[in-house]
Amino acid sequence: MLVTQWLAYVFHYAVRKGLEKEGWLITDDPLRIQAGGADMEIDLGAEKIIAAECGEEKIAVEIKSFIGTSNRVHPSFYYSLK
11 MLVTQWLAYV FHYAVRKGLE KEGWLITDDP LRIQAGGADM EIDLGAEKII AAECGEEKIA
71 VEIKSFIGTS NRVHPSFYYS LK
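This is the structure:
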């Protein structure tokens, strides 16, 4: 396993466990959706029952790491901030 693949797994696991710790139920890992004739995968789908009359709150989480093979931040990090 490449270092970048391993780091992606570590971040994915950390985000998933963090969501579960906050009471989110992971419903899809990955969440597969279709829009405009395109098939996409989002890293996690989760839902949390809200203790109010507003019902359920749902989220989709896409986990990104901008760590490259060097100690520098990957240029795509800065591009994503635009």
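Take 11 as the starting number for the sequence shown in my numbering and just add one per residue. We put the CB at the ideal spot given by N, CA and C, even for glycine. Remember, predicted model here, so these are calculated numbers, not experimental data.
Less than 8 angstroms separating the beta-carbons of leucine 35 and glutamate 67?
Contact flag unset, no.
First and last residue of the alpha helix (DSSP H) that includes glutamate 30?
Unbroken alpha helix (DSSP H) run through glutamate 30: 13-31.
Can isoleucine 69 and phenylalanine 21 be called in contact, C-beta distance under 8 angstroms?
Contact: no.
In the DSSP assignment, what residue or residues form a beta bridge with glutamate 72?
According to DSSP, glutamate 72 bridges with nothing at all.
Using the Cα positions of arginine 26 and alanine 48, report the straight-line distance between them to the nearest angstrom.
Each residue's Cα considered, the two are about 25 angstroms apart.
Among Leu12, Tyr19 and Gln15, which one has its Cα closest to the Cα of leucine 54?
Checked all of Leu12, Tyr19 and Gln15; the closest Cα to leucine 54 is Tyr19.
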